[in-house]
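First the structure, in the form of structure tokens, and then the observations on it.
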Amino acid sequence: MNLLEVQDLKVHFPVKRGMFNRAQQFVQAVDDVSFSIAPGETLGLVGESGCGKTTLGRAIVRLVEPTAGRVLFEGEDIAKMSSGELRARRRKFQMIFQDPFGSLNPRMTVEDIIGEALDIHGLAAGATARRARIADLLKAVGLDAAYAQRYPHEFSGGQRQRIGIARALAVEPKLIVCDEPVSALDVSVQAQIINLLQDLQQQHGIAYLFIAHDLAVVEHISRRVMVMYLGKVVELAEAKEIIRAPKHPYTQALISAVPEVDPASKRKRIVLPGDVPSPIQPPSGCRFHPRCPIAEKPRCECSEPELRNLSEETLVACHLAR
Ligand code: SF4
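So for the sequence shown, the numbering used here puts the first residue at 25; every next one is plus one.
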């Protein structure tokens, strides 16, 4: 059974305008998105900023309310749960944020930050057990247990991200949504954090939804990769396959921008015309058609492509992809 099954998920935010502050339009941040994650798997999620990937990650852990659709975690629909039901299950799915400083309370010590998660879920019986567990968690993320009494501002960006990981790990989650966890860090520190996440996955069998805009990072850590454009999934395939032979024209453009190690490589950069359109009034038909280098008119302007299987592990939303 899949650990997570997302079905036709929509997140539309009202845009309130006018004298009565009525919602007349909606930002279609996430629109009819479906996918699954197996236990212990890493699914990478890529796309330009504003494509809806962070909103999707937040909707999965119910930090934003889904407008429609189902988010089945171990078979139970998180999207429909009351706040009481959700509280009891929240420890199973956690989130790590992009900004390791902004996500840690500057007035709390590391011990309080990690201990708070233990207290909320009743996971440490007594002060001694609590302290020992916090020391173990700090060691597990490569930090000295003596750091427990320090404050977030006393750490580097990489160390702060390790504290964020320890906090998520404290409640023994089965899924962690990692929202651009390394994009604010130096390249050398990025590799250390990625390695740490991979080690923790092997030790604890945690599944990750790994959100990033850097395809090279995502390919390194993920078994499969999902590509989003303007609130829609346009391609989902095995990481190696998506880098070797991307099928959707948008994925092809994204891959063409990844720097190559081999100087003899002949890969040509595909520069897309224009900007990403507004998610308030997305283009008709295929949302990518105003920027697509191979769009076929009028078909691509009028009819929205379904996400369909090209092979066992490759799903693509494009009329022309073969
Ligand atoms: Fe391009 Fe048409 Fe495919 Fe959309 S459906 S990606 S516009 S070819």
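Glycine residues also receive a C-beta, built at the ideal position from the N, C-alpha and C atoms.
What you are looking at is a predicted structure, and each value in this text was computed from that prediction instead of being measured.
C-beta contact flag for residue i and residue j at 9 Å
i: Leu87; j: Ile61; result: no
i: Arg113; j: Asp203; result: no
i: Thr316; j: Glu328; result: Before going further, note that residue 316 is Cys rather than Thr in the sequence given. No; because the gap between Cβ atoms is not below 9 Å, this pair is not in contact.
i: Leu239; j: Met250; result: no
i: Leu224; j: Leu193; result: yes
i: Arg191; j: Leu167; result: no
i: Gly71; j: Leu128; result: no
i: Gln122; j: Val201; result: no
i: Leu147; j: Met252; result: no
i: Val39; j: Phe50; result: yes
i: Ser302; j: Glu325; result: no
i: Pro7; j: Gln276; result: There is simply no residue 7 to check, as the chain begins at 25 and stops at 346 in what is shown.
i: Thr152; j: Glu262; result: no
i: Gly181; j: Asp210; result: yes
i: Leu142; j: Arg131; result: no
i: Ala169; j: Ala159; result: yes
i: Gly76; j: Val35; result: yes
i: Leu33; j: Pro90; result: yes
i: Gly229; j: Gly64; result: yes
Residue i, buried or exposed, once every other Cβ within 10 Å from all chains shown has been counted against 16
i: Lys256; result: buried
i: Gly68; result: buried
i: Gln52; result: buried
i: Thr25; result: A small fix is needed here, since residue 25 is Met in this sequence, not Thr. By the 10 Å Cβ count, Met25 comes out exposed.
i: Thr66; result: buried
i: Arg293; result: exposed
i: Gln183; result: buried
i: Ala156; result: exposed
i: Gln214; result: buried
i: His177; result: exposed
i: Asp55; result: buried
i: Val295; result: exposed
i: Ala288; result: exposed
Any non-hydrogen atom of ligand 1 within 8 Å of residue i CB
i: Arg332; result: no
i: Pro273; result: yes
i: Arg346; result: no
i: Val258; result: yes
i: Glu72; result: no
i: Cys326; result: no
i: Cys316; result: yes
i: Pro329; result: yes
i: Ala231; result: no
i: Ala269; result: no
i: Ala341; result: yes
i: Cys75; result: no
i: Ala16; result: Here the chain covers residues 25 to 346 and nothing more, so residue 16 does not appear.
i: His313; result: yes
i: Cys310; result: yes
i: Arg131; result: no
i: Arg323; result: yes
Residue i CB to nearest heavy atom of ligand 2 below 8 Å
i: Ala261; result: In the structure shown, ligand 2 is absent; the only ligands present are ligand 1.
Terminal residues of the beta strand (DSSP E) in which residue i lies
i: Ala231; result: Ala231 to Ile235
i: Asp123; result: Unbroken run through Asp123: none, as it is neither H nor E.
i: Gly108; result: Looking at the DSSP string, Gly108 is not in any beta strand (DSSP E); the run it does join, the alpha helix (DSSP H), is Ser107 to Arg113.
i: Leu80; result: No beta strand (DSSP E) contains Leu80, which is instead part of the alpha helix (DSSP H) from Lys77 to Ile84.
i: Cys202; result: Leu199 to Asp203
i: Val39; result: Leu28 to Arg41
Span of the alpha helix (DSSP H), counted from its first residue to its last, around residue i
i: Pro273; result: Pro273 to Ser280
i: Arg186; result: Gly181 to Leu193
i: Ala8; result: The structure shown does not extend to residue 8, since the chain is modelled only from 25 to 346, so the question has no answer here.
i: Gln216; result: Val211 to His228
i: Leu339; result: Looking at the DSSP string, Leu339 is not in any alpha helix (DSSP H); the run it does join, the beta strand (DSSP E), is Thr338 to Val340.
i: Asp143; result: Val134 to Ile144
i: Arg268; result: Ala263 to Arg268
Residue-chain proximity (residue i, chain C), Cβ-Cβ < 9 Å
i: Glu243; result: Here there is only one protein chain, and chain C is not present.
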